[in-house]
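Number of protein chains: 2
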Amino acid sequence: MAKVAFIGLGVMGFPMAGHLRQKGGHDVVVYNRTTAKAEAWVSQFGGALGKTPAEAAKDADFVFTCVGNDDDLRSVTTCPDGVLSSMKAGAILIDNTTASAEVARELAEAASGKGCGFIDAPVSGGQAGAENGVLTVMCGGDEETFAKAKPVIDAYARMVGLMGPVGSGQLTKMMNQICIAGVVQGLAEAIHFGKKAGLDIEKVVEVISKGAAGSWQMENRHKTMNAGTYDFGFAVDWMRKDLDIVLREAKRNGSTLPLTALVDQFYGDVQSMGGNRWDTSSLLARLERNK
Amino acid sequence: MAKVAFIGLGVMGFPMAGHLRQKGGHDVVVYNRTTAKAEAWVSQFGGALGKTPAEAAKDADFVFTCVGNDDDLRSVTTCPDGVLSSMKAGAILIDNTTASAEVARELAEAASGKGCGFIDAPVSGGQAGAENGVLTVMCGGDEETFAKAKPVIDAYARMVGLMGPVGSGQLTKMMNQICIAGVVQGLAEAIHFGKKAGLDIEKVVEVISKGAAGSWQMENRHKTMNAGTYDFGFAVDWMRKDLDIVLREAKRNGSTLPLTALVDQFYGDVQSMGGNRWDTSSLLARLERNK
Numbered sequence: 068m069a070k071v072a073f074i075g076l077g078v079m080g081f082p083m084a085g086h087l088r089q090k091g092g093h094d095v096v097v098y099n100r101t102t103a104k105a106e107a108w109v110s111q112f113g114g115a116l117g118k119t120p121a122e123a124a125k126d127a128d129f130v131f132t133c134v135g136n137d138d139d140l141r142s143v144t145t146c147p148d149g150v151l152s153s154m155k156a157g158a159i160l161i162d163n164t165t166a167s168a169e170v171a172r173e174l175a176e177a178a179s180g181k182g183c184g185f186i187d188a189p190v191s192g193g194q195a196g197a198e199n200g201v202l203t204v205m206c207g208g209d210e211e212t213f214a215k216a217k218p219v220i221d222a223y224a225r226m227v228g229l230m231g232p233v234g235s236g237q238l239t240k241m242m243n244q245i246c247i248a249g250v251v252q253g254l255a256e257a258i259h260f261g262k263k264a265g266l267d268i269e270k271v272v273e274v275i276s277k278g279a280a281g282s283w284q285m286e287n288r289h290k291t292m293n294a295g296t297y298d299f300g301f302a303v304d305w306m307r308k309d310l311d312i313v314l315r316e317a318k319r320n321g322s323t324l325p326l327t328a329l330v331d332q333f334y335g336d337v338q339s340m341g342g343n344r345w346d347t348s349s350l351l352a353r354l355e356r357n358k
Numbered sequence: 068m069a070k071v072a073f074i075g076l077g078v079m080g081f082p083m084a085g086h087l088r089q090k091g092g093h094d095v096v097v098y099n100r101t102t103a104k105a106e107a108w109v110s111q112f113g114g115a116l117g118k119t120p121a122e123a124a125k126d127a128d129f130v131f132t133c134v135g136n137d138d139d140l141r142s143v144t145t146c147p148d149g150v151l152s153s154m155k156a157g158a159i160l161i162d163n164t165t166a167s168a169e170v171a172r173e174l175a176e177a178a179s180g181k182g183c184g185f186i187d188a189p190v191s192g193g194q195a196g197a198e199n200g201v202l203t204v205m206c207g208g209d210e211e212t213f214a215k216a217k218p219v220i221d222a223y224a225r226m227v228g229l230m231g232p233v234g235s236g237q238l239t240k241m242m243n244q245i246c247i248a249g250v251v252q253g254l255a256e257a258i259h260f261g262k263k264a265g266l267d268i269e270k271v272v273e274v275i276s277k278g279a280a281g282s283w284q285m286e287n288r289h290k291t292m293n294a295g296t297y298d299f300g301f302a303v304d305w306m307r308k309d310l311d312i313v314l315r316e317a318k319r320n321g322s323t324l325p326l327t328a329l330v331d332q333f334y335g336d337v338q339s340m341g342g343n344r345w346d347t348s349s350l351l352a353r354l355e356r357n358k
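Heads up: the sequence lines are chains Y and C, in that order. Going by this note's numbering, the residue at position 166 of the first sequence is 233; the numbering climbs one at a time, nothing skipped. Going by this note's numbering, the residue at position 222 of the second sequence is 289; the numbering climbs one at a time, nothing skipped.
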């Protein structure tokens, strides 16, 4: 049992912090920009509430952050009243935000200056994974820090991997998002084509899903895509934020990602259609917009 | 046990005809444009050899074709000396070629004019699937004809599905190829990016392959892609032929396939690199061509 702070109680952070309290049995102090959510969390899980990130983090052995983007992350860590202004030496900052590898390295350095450890630890598995405590957590950091952090992270995870030095968790998450971009657009085009061709999409998936065309997205999303339902939680706005991080990192490391860049533009079309909160499989809605 | 003719003993047809003989126990007469291959088949499996498609097919209850493209298919079916010039009434023509839905309908009509049945039955599973007799067979045709053909097809298949009326097998195969185009290009970009980012690709796949980014291609091709090995049998030239069929059918049915069209162009680049016989995962080699 450890003293834990959790900053950012969004659709992911809220249940993750809950698992740290209930499954992990830790002392949890939470902070959220909108106080009402933090109060709701405390009344559900019985931990304590900090008025600022710094106040939530001051006694913690492990400080988790799970916010929107690089700037949100800086505002709760390195800015005044951020967690790094109060964290005690030897404590570890674990960032669950999907952010840039650059900000991960920046935070690791800032943490190191305070005698603290840092792990970048973006997750995949979506809202359902967070609620069921079965997320995949992709970590970047040194082995010693990871060894201390892993047993705590386990409270909300099914798979926790150390991918390499600081930033490697974020870079792994980027690979994940690149794969998804290709799989989903391909699947969307296939379903669009199949419907126009008069095929029974269910029957097609039954026959082809175990072979070379198969994917998690095909297994888990073809029914809802075929029905035109796009409410599975991981929103187009968030995917565009992630792809923006990917494309900036690709520019930096000299990789060329033509399909990823194209699919990012397609998600822009979905936003223009009012689909900001639709899930990522709504690339099909874009193909069908002129039907 | 039935009388079977098999036309086209390529990397797929050769072992498929073998399974009809050995696993199915059928009387098989084969024809191949290059006679040496047909002779090799007969000396291995002990069936008989026809000098023309018509001669091979004349006594058969089931006539299989497995050739390169629409025109090859017409040359062994509706052209002089083609199988339809000799097939007896009540026999069934089963076409395993990946061809257009149009030629399937054309052949079904021609077969019907002779009192014969027709099933379009393109396969997936590649050379290994053909050799092990575990192909997926996507069929189009009427239920009665399918019911007669299925037990014979079973000799080389793990999964045989009736997808709808004539042409539906081909249309299903097209959906399959569209999905593959997206999955492989996305995976290629992810690996390209990951290598540039200094990640351990094996470790990344271990962590992300069961989640939303996962695919058959990721599981089965990431190692060879990471090693730059592109000799898995399903060649770029064949994929371009298939995508050409897909894009023409899409034009006909009014679906728009931007990613599929783009990946088709990318395969054109691979051809320019001398990769005509590389397998479909060589999209990665294209991304790395300027490294």
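Think of the CB as a built atom: it goes at the ideal place given N, C-alpha and C, for glycine as much as any other residue. Values in this document were obtained by computation on a predicted structure and should not be read as measured data.
What does residue i touch in chain C if you count any residue whose Cβ is under 8 angstroms from its own?
i         : result
TRP283(Y) : LYS277, GLY278, ALA279, ALA280, GLY281 and SER282
GLY321(Y) : LYS263
SER191(Y) : ILE275, GLY278, ALA279 and ALA280
Residues in the same chain with beta-carbon distance under 6 angstroms from residue i, minus the five sequence neighbours each way, listed in chain order, please.
i         : result
ILE220(Y) : VAL204 and VAL227
ALA177(Y) : THR145 and LEU151
LEU229(C) : CYS206 and PHE213
GLU353(C) : In the sequence as presented, Glu is not what sits at residue 353(C); that position holds Arg. Cβ neighbours of ARG353(C) beyond the five flanking positions: PHE333, ASP336 and VAL337.
PHE112(C) : GLY85 and ARG88
ALA317(C) : LEU324
Can you check whether the CB of residue j is closer than 8 angstroms to the CB of residue i?
i         : j         : result
GLN237(Y) : ALA171(Y) : yes
ILE159(Y) : LYS215(Y) : yes
GLY192(Y) : HIS86(Y)  : no
ILE258(Y) : LEU351(Y) : yes
LYS70(Y)  : ASP126(Y) : yes
MET154(C) : VAL134(C) : no
LEU117(C) : VAL96(C)  : Strictly speaking, residue 117(C) in this sequence is Gly, with Leu absent from that position. Yes, the Cβ-Cβ distance between GLY117(C) and VAL96(C) is below 8 angstroms.
ASP137(C) : ALA107(C) : no
MET306(C) : ALA197(C) : no
SER282(C) : TRP283(Y) : yes
MET242(C) : ILE312(Y) : no
LYS163(C) : PRO147(C) : The question names Lys, but residue 163(C) in the sequence shown is Asn. Contact flag unset, no.
GLY149(Y) : ALA121(Y) : yes
GLY75(C)  : THR132(C) : yes
ASP346(Y) : ASP309(Y) : no
ALA72(C)  : ALA123(C) : yes
GLY249(C) : GLY321(Y) : no
ALA222(C) : LYS90(C)  : yes
List the residues of chain Y that residue i touches, going by C-beta distances under 8 angstroms, in chain order.
i         : result
GLY228(C) : LYS270, GLU273 and VAL274
GLY184(C) : In chain order: nothing, as chain Y lies at least about 21 angstroms away.
Using a Cβ cut-off of 7 angstroms, pull out every chain Y residue sitting near residue i, in sequence order please.
i         : result
LEU354(C) : THR323
SER235(C) : LEU266
MET205(C) : VAL274
MET79(C)  : Residues of chain Y passing the Cβ test: none, with the nearest at roughly 14 angstroms.
Is any non-hydrogen atom of the ligand SAM found closer than 7 angstroms to the C-beta of residue i, if you look at the structure I gave you?
i         : result
ASP309(Y) : Because no ligand of any kind appears in the structure shown, any question about the ligand SAM cannot be addressed here.
Going along chain C, which residues have a C-beta under 9 angstroms from residue i?
i         : result
LEU329(Y) : PRO325, LEU326 and LEU329
MET292(Y) : Ordered by position in chain C, no residue passes the 9 angstroms Cβ test against MET292(Y), which lies about 12 angstroms from the chain.
VAL243(Y) : Correcting the residue type first, residue 243(Y) is Asn in the shown sequence and not Val. Simply ALA257, VAL271, VAL274, ILE275, GLY278, ALA279 and ALA280.
GLY300(Y) : Simply none; closest approach about 11 angstroms.
By the criterion of Cβ-Cβ separation under 7 angstroms, what are the contact partners of residue i in chain C?
i         : result
ASN343(Y) : Neighbours of ASN343(Y) on chain C: none; closest Cβ ~20 angstroms, over 7 angstroms.
ALA317(Y) : PHE260
Just to make sure I have the definition right: I need the residues of chain Y whose C-beta is within less than 9 angstroms of the C-beta of residue i. Which are they?
i         : result
LEU238(C) : PHE260, GLY261, ALA264, GLY265, LEU266 and VAL271
Within a Cβ cutoff of 7 angstroms, which residues of the same chain sit near residue i, ignoring the five residues on either side of it in sequence?
i         : result
GLY234(Y) : ALA168, ALA171, ARG172, ASP187 and GLY207
GLU355(C) : HIS259
MET285(C) : LEU254, VAL272 and SER276
LYS217(C) : VAL227
Would you verify that the beta carbon of residue i is, or is not, closer than 8 angstroms to some beta carbon of chain A?
i         : result
GLY231(C) : In the displayed structure, chain A is absent; the protein chains listed are Y and C.
Excluding the five sequence neighbours on either side, which residues of its own chain have a C-beta within less than 8 angstroms of the C-beta of residue i, listed in chain order?
i         : result
LYS290(Y) : GLU269
Members of the segment 130-160 of chain C near chain Y, C-beta cut-off 7 angstroms = Residues: none.
request  = Report yes or no: do the segment 206-218 of chain C and the segment 177-195 of chain C share at least 3 C-beta pairs separated by less than 8 angstroms?
outcome  = They touch, by the three-pair rule.
inquiry  = To be precise: take each residue of the segment 245-266 of chain C, compare its Cβ to all Cβ atoms of chain Y, and keep it if any distance is under 9 angstroms. Which residues remain?
reply    = Cβ contacts with chain Y come from ILE245, CYS246, ILE247, ALA248, GLY249, VAL250, VAL251, GLN252, GLY253, LEU254, ALA255, GLU256, ALA257, ILE258, HIS259, PHE260, GLY261, LYS262, LYS263, ALA264, GLY265 and LEU266.
task = May I ask you to verify whether the segment 309-329 of chain C touches the segment 249-258 of chain Y, counting CB pairs closer than 8 angstroms and requiring at least 3?
result = Flag = yes, the segment 309-329 of chain C and the segment 249-258 of chain Y touch.
ask   = When the Cβ atoms of the segment 289-302 of chain C are set against those of the segment 261-272 of chain Y, are three or more pairs found closer than 8 angstroms?
value = Per the Cβ contact rule, the segment 289-302 of chain C is not in contact with the segment 261-272 of chain Y (fewer than 3 Cβ pairs under 8 angstroms).
query = Looking at chain C, which residues of the segment 158-180 of chain Y have a Cβ within less than 7 angstroms of any of its Cβ atoms?
reply = Cβ contacts with chain C come from no residue of the segment 158-180 of chain Y.
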